[in-house]
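**Q** Going by the working numbering, 67 is the number at position 67 of the sequence shown; the sequence numbering is gapless. Glycine is no exception: its CB is placed at the ideal position from the N, C-alpha and C atoms. Fair warning: this is a prediction, and the values are worked out from it, not measured in the lab.
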Amino acid sequence: MLTDYTGITDVCFLENMEGEAKKRFNNLKGLIYFLAPGKRSGKSAYNGKAIKGWVNEPVEFEKKQTIVMRYLHYWNTKEGEEEFKAESEFLTNAGESKNIFSERVAGLEEEGMLGMKEVHCKFDTIPWKFWDYTSEEEREMAEMDPGSR
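#1: Just to confirm my understanding: we take E118, look at its own chain, exclude 5 residues before and 5 after, and list those with CB closer than 8 Å. What are they?
#2: Could you pull the DSSP bridge partners for Y74 from this structure?
#3: Would you call the segment 90–103 in contact with the segment 44–55, where contact means no fewer than 3 C-beta pairs closer than 8 Å?
#4: Taking the alpha-carbon positions, what's the T28 to T3 distance?
#5: Please name the residue or residues paired with V51 in a DSSP beta bridge.
#6: By the DSSP assignment, the beta strand (DSSP E) with E118 in it spans what residues?
#7: Does the beta-carbon of C121 have 16 or more other beta-carbons within 10 angstroms, so that it is buried, or is it exposed?
#8: Evaluate I150 with the Cβ neighbour count: other Cβ atoms within 10 Å of its Cβ, from every protein chain shown; 16 or more gives buried, anything less gives exposed.
#9: Quick check: the Cα distance between E111 and E143, rounded to an integer number of angstroms?
#10: Starting from N27, follow the beta strand (DSSP E) in both directions and report where the run begins and ends.
#11: Name the residue from H73, K22, Y5 whose alpha carbon lies nearest to the alpha carbon of M113.
#12: Taking E87 as the reference, which of E57, G115, F101 has the closest Cα?
#13: Please look up how many angstroms separate the CB atoms of N76 and N47, rounded, as I've assumed it's under 8 Å.
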């Protein structure tokens, strides 16, 4: 799932966030399409659903101690991410069309978000051959690794 343009987004909140608010954030998903393009169309901005988790230690943000929810978004390209954030929409119960990214940021701000930091990384996969596996594990890894045949 890691891509050449994986986005890491830290969403910062005051360290003393109440339990109920924290529970609501645990239920938030990453950025996803309301109506996604077909998998075979090649037009999806990402190649897998985002994952998230709370950072274990407090993080300083603008001279304040914060707790951080970190998201990893598996964007395919910079252009795809930009297009998704600018153009992807959802329909409200009233039938109104709204921008997914803008509404998400506004909702986070209403809940007390202090700010958001985003970086992008190109991750490299470490070949399984560098790890010390038993022969059974090596055989299983070789079967999954198309480059080892």
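**A** Looking at the atomic coordinates:
#1: G7, I8, T9, D10
#2: T6
#3: no
#4: Before going on, a small fix: residue 28 reads as Leu here, not Thr. Their backbone Cα atoms lie some 22 Å apart in a straight line.
#5: According to the sequence as given, residue 51 is Ile; it is not Val. DSSP output for I51 lists L72 as bridge partner(s).
#6: 113–121
#7: exposed
#8: Outside the displayed span of the chain (1 to 149) sits residue 150, for which this structure offers no information.
#9: 47 Å
#10: Element bounds for N27: n/a, residue is neither H nor E.
#11: With distances taken between Cα atoms, M113 lies closest to K22.
#12: F101
#13: For a cut-off of 8 Å, the C-beta gap from N76 to N47 is around 6 Å, short enough to register as a contact.
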